[in-house]
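Asks:
In the working numbering, the protein residues as written are -13 to 615.
#1: Tell me whether residue 554 sits in a helix, a strand or coil according to DSSP, three-state version.
#2: Ignore the nearest five residues each way along the sequence and tell me which others in residue 339's own chain have a CB closer than 6 Å to its CB.
#3: Of the residues 475, 245, 241, which one's Cα is nearest the Cα of residue 289?
#4: At what residues does the alpha helix (DSSP H) containing residue 56 begin and finish?
#5: Under the rule that 16 or more other beta-carbon atoms within 10 Å means buried, what is residue 606, buried or exposed?
#6: For the beta strand (DSSP E) holding residue 191, just list the boundary residues, first then last.
#7: What would DSSP say about residue 0, mapped onto helix, strand or coil?
#8: According to DSSP, is residue 340 part of a helix, a strand, or is it coil?
#9: In terms of alpha-carbon separation, which member of 536, 253, 233 lies closest to residue 171?
#10: Using alpha carbons as the reference points, say which of 303, 365, 257 lies closest to residue 295.
#11: Do you know how far the Cα of residue 513 is from the Cα of residue 201?
#12: Determine the burial state of residue 118: buried for a count of at least 16 other Cβ atoms within 10 Å of its Cβ, exposed for fewer.
#13: If we call anything under 9 Å between Cβ atoms a contact, is residue 53 one with residue 122?
#14: State the CB to CB distance for the pair residue 260 and residue 276, rounded to an integer number of angstroms; the pair is presumed to be in contact (CB under 8 Å).
#15: Less than 8 Å between the CB atoms is what I'm expecting for residue 182 and residue 188, so what's the real figure, rounded?
#16: Does the separation of the CB atoms of residue 178 and residue 197 fall below 9 Å?
#17: Please work out which residues of its chain come closer than 7 Å, Cβ to Cβ, to residue 76, disregarding the five sequence neighbours upstream and downstream, and give them in chain order.
#18: With a threshold of 7 Å on Cβ separation, who are the neighbours of residue 114 within its own chain once the five nearest residues in sequence on each side are excluded?
#19: Exposed or buried, residue 163, counting other C-beta atoms within 10 Å across all chains shown (16 or more means buried)?
#20: How big is the Cα-Cα spacing for residue 225 and residue 509?
#21: By the 10 Å Cβ neighbour count, where 16 or more other Cβ atoms means buried, how is residue 450 classified, buried or exposed?
#22: Rank 494, 561, 473 by C-alpha distance to the C-alpha of residue 550 and give the top, closest one.
#23: I'd like to confirm the pairing. Which residues does DSSP put opposite residue 41 in its beta bridges?
#24: Among all the DSSP beta bridges, which residues are the ones paired with residue 150?
#25: Mind reading off the beta-carbon distance from residue 540 to residue 475? Whole number of angstroms is fine, and I expect it under 8 Å.
#26: Just mark residue 553 as buried or exposed, buried being the case when its beta carbon has 16 or more other beta carbons within 10 Å.
#27: Answer with buried or exposed for residue 16, where buried requires no fewer than 16 other C-beta atoms within 10 angstroms of its C-beta.
#28: State yes or no: is the C-beta of residue 56 within less than 9 Å of the C-beta of residue 9?
#29: Does the beta-carbon of residue 278, which I'm using as the reference point, lie nearer than 8 Å to any heavy atom of the ligand GDP?
#30: Please state whether DSSP places residue 209 in a helix, a strand or coil.
#31: Decide if residue 291 is buried, meaning its Cβ has at least 16 other Cβ atoms within 10 Å, or exposed.
#32: Starting from residue 13, trace the beta strand (DSSP E) both ways and give me its first and last residue.
#33: On the three-pair Cβ rule with 8 Å, is the region 487 to 494 touching the region 462 to 470?
#34: Within 8 Å, do at least three Cβ pairs link the region 314 to 323 to the region 244 to 256?
#35: State buried or exposed for residue 185, treating a residue as buried only when at least 16 other CB atoms are found within 10 Å of its CB.
#36: What does the alpha-carbon distance come out to for the pair residue 558 and residue 22?
Rendered as structure tokens:
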């Protein structure tokens, strides 16, 4: 069936009053039905449903539409997700893959794919029950004592499905066998890990052992994976997530979102915490709008999910360096997604969980009420990090701050933040505006340059080239990025240096560049140990030979000679700097050639000289080589 066919079939079978009444109790009022709006807080009903027109509208918040719009808004899904939900209600079978395939639909493969997903959904629900029963057993006695010590009530444990994975190498494997669950399904779910991937006959062992188990659900409430918290010091990483599967990708899941949707609507904002225990503590204290990234940096997919429910974000991360850097880096995600943000300022060593347990819900509420505007928070952090009393410090603060606000589309908002920056640094506003305009124009020039390069490469590509093409700047840059990625994955000190010494815009948007930026972001948040797993998950549906090679056979392993590492890092960093400035100078050279008068030529020449001076400073500013890792 086509989009239009299934839409019309669902329109014919699904009455708007029946659909909405399944979510919100409606009352008849004349020819219409009314209710308090599910999308904003109100005491007097302004949400109207018109049966004859099969439409709804809220006179309070302005939301309105048909059955598809309502389900998309309420469930936080895209159009096909709404079709899937309504088709299930109406009992209409349809092939989701067919709608997404663009005409390349294979019904046999689609059925196999769909059947595998259904098996995984069912398996995860059964696993939730098994883990929960373990928590209440003799084997889970210490785990249960730990949970109670953390202040979790029985109701919270049931609501969030908290369980326990026994301290055994094969308890889960044996349970699956007793339940008649196919061994392959257990492997596909990621709860078993092969002893030797190249020798299936060697069997597998339980991935989660002696861990408190937190089920991870998708926005519709279906369990798609688990996060296991270690209960012993020597049990590996503190939190261990299900690897990427057919139904789970941790970068696209927000912990607690399925339980927080209504709370987000009622409070008008999402409370973004750092971990599962923070989310659970917040929900237990009445903050049912709390969610958390799944052990990684806040991602574009997660921001888009939240945007379906709210435009306001309140960030409540820990006050340690990792938490602060995570909050600072989130600006690159939430601003392009159309979200605005505030930051809750917690005390030294505090997190939402500890604050609620020691001082009560009112303490967290008080902090939220005085939450700081994100860009004020960012400016405060930069001023603490750099000395605003020195010219160099002022320059570093301005560069980082203006880079962040350059993502804001509203020019009036940008201008206001520029004025605040000028006031805090004690510099003329005109200088700040000029520098911001330079950043914005540089973004445009870089985008234009890359578009031109892409078109040029397409036009110049030989139809059947048999000889190996000469190395291009892009391939040289990619090689430098690959070597830096190799070094960063194996040497945490160098990964930290990359965060401090290589600006994000110097790294390409290619697959290797994205991988390098991911590694830098995780390191900045104190999650360097997760870098390899994150890259493996990102490669699940791609073929990137350079990254695969680094993961399988690194050139700069942990036993690499310190001097060799230092030289490689220095040379690769210089290549990235040189390539970045070569692009900038090429664009400026074109501007110089097009300059209409002497004044314009002089302006461009000054910019070129400043750019060359900045390049020399960047290259010469590299610290002394690291001699140990």
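Note that the Cβ used here is the ideal one computed from N, Cα and C, for glycine as well.
Replies: So, from the listed chains and residues:
#1: helix
#2: 263, 264, 267
#3: 241
#4: 53 to 61
#5: exposed
#6: 190 to 192
#7: coil
#8: helix
#9: 233
#10: 257
#11: 21 Å
#12: buried
#13: no
#14: At roughly 11 Å, the Cβ-Cβ gap does not stay under 8 Å, so residue 260 and residue 276 are not in contact.
#15: 5 Å
#16: no
#17: -4, -1, 0
#18: 147, 149, 201, 209
#19: exposed
#20: 16 Å
#21: Low confidence applies here, because residue 450 scores a pLDDT of 39, under 50, leaving its location unreliable and the question unanswered by this model.
#22: 473
#23: 36
#24: 198
#25: 7 Å
#26: exposed
#27: exposed
#28: yes
#29: Because no ligand of any kind appears in the structure shown, any question about the ligand GDP cannot be addressed here.
#30: strand
#31: buried
#32: 13 to 15
#33: yes
#34: no
#35: exposed
#36: 60 Å
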